[in-house]
Amino acid sequence: MSATDRSPPTAPGNRPNPARWLVVAIPYLWLFLLFLVPFVIVIKISLSLTAIAQPPYTPVFDLAGGIGGLIDAISEFTVENYLWLTEDALYARAYLSSLTIALVSTALVLLVGYPIAYGMARAPKGLQPTLLMLIILPFWTSFLIRVYAWIGILKKEGLLNQLLLWIGVISEPLTILNTNTAVYIGIVYSYLPFMVLPLYAALERMDRTLLEAAADLGCPPIRAFWKITFPLSLPGVIAGCFLVFIPVTGEFVIPDLLGGSDTLMIGKTLWAEFFANRDWPLASAVAAVLLVILVVPIVLFQNHEMKRTEREA
């Protein structure tokens, strides 16, 4: 055997490390069990028909029937539920209303959260942990209890109206509860930490010498903010917007407790189909379409960012 046919021995550092593969496999296994498998089940139910039985849909896979029974069950799948979503305008209005409320709420949370995060990042180092704790503090209380508290604040005889009447801003109580205004207030309050935390992380890491250099070159503070601070904080802005927009689109508790009969969101529609109408296949189709609506823009954005990073590299 010639010297060229001999393969060099494997160095100890290049040998496969089982622990390394295990560290990589655990997150993928977690996503497989808690995301992919439930999503496949939802898709399967959405392709079924409603039945007055337990479970309330057909067909149900019977493993005792073997491959033949499995094929027979799959042959009974139907897209009737998805076709119904295109025929009934209620679902289109629910999707559109949910997306509109989510977009407006995300913009409001960004407008409120950016100054808070900016102030936290510019605060003295010794004070920042305290400010961060105050942002996280609402998570120590149940989300449901915090939303119920807003009912006592926003109702006609609530604290807000009493305060406005006492200082003379209004002459009679305002109707805020059971309106879209109350929904926006509840969403901004509940999801504000999800916007502030990534913004604070991005702003706190920023190199402040860039602002000093801009000031030395005669750049006004406002212009320096839009030319330096805001562009450098865009990763935090994007992360915060995703963290707010995605859960708000499917929000159920806030619209149900603070909204009125005119507040139409897909979360309430899903609840009605599952628990009031017991139409699990149609509700699963609604949930599957909602997931596609939310996932596709994220995937497109990630592909765009990857291509932009490759071009810059």
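In the numbering used here, the protein residues as written are 1 to 313.
Ideal placement from N, C-alpha and C gives every residue a C-beta, glycine not left out.
- Look at Leu154 here: in three-state DSSP terms it is helix.
- Proximity of the stretch 164-171 to the stretch 219-230 falls short of the contact definition, fewer than three beta-carbon pairs being nearer than 8 Å.
- For Pro221, the enclosing alpha helix (DSSP H) starts and ends at 221-224.
- DSSP lists no beta-bridge partner residue for Leu234.
- Excluding the 5 residues flanking it on each side, Phe77 has same chain C-beta neighbours closer than 6 Å at Leu47, in chain order.
- For Asn180, the enclosing alpha helix (DSSP H) starts and ends at 180-204.
- In the structure shown, Thr58 falls within a strand segment according to DSSP collapsed to helix, strand and coil.
- By the Cβ criterion, the stretch 182-198 is in contact with the stretch 242-250, since at least three pairs of Cβ atoms, one from each stretch, lie closer than 8 Å.
- The straight-line gap separating the alpha-carbon atoms of Lys125 and Ile185 is approximately 31 Å.
- At the C-beta level, Ser105 and Val248 come within 8 Å of one another.
- Taking the C-beta atoms as reference points, Thr229 is found nearer than 8 Å to Met206.
- In the structure shown, Leu127 falls within a coil segment according to DSSP collapsed to helix, strand and coil.
- Out of Val289, Ala288, Val292, Phe274, the CA that lies nearest to the CA of Ala51 is found in Phe274.
- With a threshold of 16 other beta carbon atoms within 10 Å, Glu172 falls short and is exposed.
- Setting aside the 5 residues that flank it on each side, Tyr57 is surrounded in the same chain by Ile45, Ser48, Leu49, Thr50, Ala51, Trp280, Pro281, each with a C-beta closer than 7 Å to its C-beta; the list follows chain order.
- Around the beta carbon of Lys307, fewer than 16 other beta carbons lie within 10 angstroms, which makes this residue exposed.
- When DSSP states are grouped into helix, strand and coil, Thr50 belongs to the strand group.
- Pro193 sits buried, since 16 or more C-beta atoms from the chains shown fall within 10 Å of its C-beta.
- Counting every other CB atom within 10 Å of its CB across the protein chains shown gives Lys156 a total below 16, marking it as exposed.
- Following the DSSP letters along the chain, one finds Met265 in no alpha helix (DSSP H), marked with neither H nor E.
- Remark: fewer than three beta-carbon pairs, one from each stretch, lie closer than 8 Å, so the stretch 71-89 and the stretch 97-104 are not flagged as touching.
- Residue state for Gly69 is assigned as helix, using DSSP reduced to three classes.
- Contact between Leu258 and Val188 does not hold, since the beta-carbon distance rounds to 12 Å and is not under 8 Å.
- Counting of Cβ neighbours within 10 angstroms places Glu305 among the exposed residues, the total staying below 16.
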